[in-house]
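Residues in the sequence shown are numbered consecutively from 4, following my numbering.
Where a beta carbon is used, it is the ideal one built from N, C-alpha and C, also for glycine.
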Amino acid sequence: CNHDWRKAARQRRQTERRTMLSSEEMEAEHRQGVGRDRARLLERDEEVPVRPILLAVGFVVSGIVLLSVWGAIMTGAIDTEKWWPGQGWKTPALSFFVLGIICMLPGSYTLWIAYHAWRGTRGYNFSQIPNVR
4 CNHDWRKAAR
14 QRRQTERRTM
24 LSSEEMEAEH
34 RQGVGRDRAR
44 LLERDEEVPV
54 RPILLAVGFV
64 VSGIVLLSVW
74 GAIMTGAIDT
84 EKWWPGQGWK
94 TPALSFFVLG
104 IICMLPGSYT
114 LWIAYHAWRG
124 TRGYNFSQIP
134 NVR
């Protein structure tokens, strides 16, 4: 009983792949023994949005840096009286935490979509990433 749904899913994937690949490509794959990942790469014809992905990487790196500074303030590795006199440690710590989260969330979400679109996960494609001009 458990194998029925697996067999149906495998047949559905094979049917979808057959409709996307030409007969010559399928024959060449069969002769060469190309794996599943290579077949998914052949299926895709959409362009990878490089600029939004680079911007997302920049957001994630900035978020990591800001959250690292927040962690250093919280552990006492950064003396807040030296850098922000008279404010205590709560105001700078909260500022770095909020800015780190604001940078990290959209960047990581965009990279998540880009990764799954690159892997060929069903339901994800590069058109879901907003365009940056």
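For residue 121, the secondary structure class from DSSP, reduced to helix, strand or coil, is helix. Per DSSP, the unbroken alpha helix (DSSP H) holding residue 68 starts and ends at 53–78. Between the segment 119–130 and the segment 66–86 there are fewer than three C-beta pairs closer than 8 Å, too few to call the two in contact. Each of 119, 126, 124 and 112 was checked against the Cα of residue 63, and the nearest Cα belongs to 112. Going by beta carbons, residue 103 and residue 79 fall outside the 8 Å limit. The Cβ neighbour count for residue 126, taken over all protein chains shown within 10 Å, is under 16; the residue is labelled exposed.
Within its own chain, the residues whose Cβ lies closer than 7 Å to the Cβ of residue 92, once the five positions on either side in sequence are excluded, are 76 and 83, listed in chain order. Each residue's CA atom was taken as its position, placing residue 121 and residue 90 some 46 Å apart.
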